[in-house]
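Comments concern the structure below.
Numbering (my numbering), first residue to last: 22 to 271.
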């Protein structure tokens with residue numbers, strides 16, 4: 022395949038993924054959430070330019086899809102990038118730009134974009150492992166891509182993060198309809214060999230959405246890098262690398 026053809030295929034993929042992400046963005050914006058949720062952020066709104074730059078990292082040669090749950094307050098909430106640790110996004114991926122504001126900002130969770138001084142531990146661990154193994158982002162994205170299942174950040178009055186699996190059944194079902202559709206579209210973009218859930222929630226989403234035919238991608242899971250997990254605090258990078266080797270990805 023010529024370099025020009027590959028480049029054209031990449032651009033087509035980027036357009037398709039941008040269209041899918043914007044459908045997700047508009048769909049979830051129509052949803053409402055009751056207490057204890059008091060604030061909801063959608064980075065696909067105010068950090069769209071950075072998210073679009075992230076999408077443009079995707080290569081048509083990628084065959085490993087890693088799926089996270091939803092944005093963290095100091096990661097994707099700031100950068101529009103899944104597990105979006107500031108240093109990884111700005112200094113490693115080379116993504117730059119300003120982010121907008123949210124209409125109702127929680128005082129404990131300000132949106133500062135790439136100027137945010139807080140660190141997203143999960144993102145630092147995940148992207149740190151990828152940087153250590155691949156050195157250059159192009160080498161990583163040639164084979165892998167990372168997406169989040171849900172684009173929304175949910176916060177309680179205290180500023181505490183609430184994950185999608187903790188939503189009431191009715192709200193969770195309405196959200197799932199939009200997120201499942203987007204995930205299905207992402208899976209259909211490329212002939213993935215591996216669908217990897219970063220944590221059990223993401224793995225279950227993949228099992229629910231993915232085709233179960235004999236030619237379907239292998240579905241597996243790696244440990245989530247959250248500092249709330251005691252196992253992740255005991256050498257997450259070593260555990261995740263070992264799991265990816267066992268699965269056959271590395």
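For every residue, glycine included, the Cβ atom is placed at its ideal position computed from N, Cα and C. The structure presented is a predicted model; accordingly, all values stated were derived computationally and were not measured.
Sub-8 Å separation of residue i and residue j beta-carbons
i: residue 89; j: residue 223; result: yes
i: residue 176; j: residue 127; result: yes
i: residue 38; j: residue 167; result: no
i: residue 210; j: residue 34; result: yes
i: residue 72; j: residue 42; result: yes
i: residue 68; j: residue 120; result: yes
i: residue 192; j: residue 141; result: no
i: residue 125; j: residue 199; result: no
i: residue 135; j: residue 213; result: no
i: residue 190; j: residue 215; result: no
i: residue 227; j: residue 220; result: no
For residue i: DSSP bridge partner residues
i: residue 242; result: 218
i: residue 89; result: 169
i: residue 174; result: 62
i: residue 182; result: 176
Residues near residue i by beta carbon distance below 7 Å, same chain, minus five either side
i: residue 169; result: 89, 90, 91, 92, 97, 103
i: residue 257; result: 146, 244, 246
i: residue 264; result: 243, 244
i: residue 94; result: 130, 174, 182
Buried versus exposed call for residue i [16 or more other C-beta atoms within 10 Å across all chains shown]
i: residue 112; result: exposed
i: residue 160; result: exposed
i: residue 131; result: exposed
i: residue 271; result: exposed
i: residue 109; result: buried
i: residue 57; result: exposed
i: residue 178; result: exposed
i: residue 259; result: exposed
i: residue 53; result: exposed
i: residue 24; result: For residue 24, the predicted structure reports a pLDDT of 43, less than 50, and the residue's modelled location is therefore unreliable. The matter cannot be settled from this model.
i: residue 252; result: exposed
i: residue 194; result: exposed
i: residue 115; result: exposed
i: residue 78; result: buried
i: residue 269; result: exposed
i: residue 266; result: exposed
i: residue 180; result: exposed
i: residue 249; result: exposed
Beta-carbon proximity list for residue i, same chain, < 8 Å, skipping 5 on both sides
i: residue 184; result: 90, 91, 175, 222
i: residue 237; result: 231
i: residue 50; result: 63, 66
i: residue 45; result: 65, 172, 199, 200, 202, 203
i: residue 76; result: 35, 38, 39, 42
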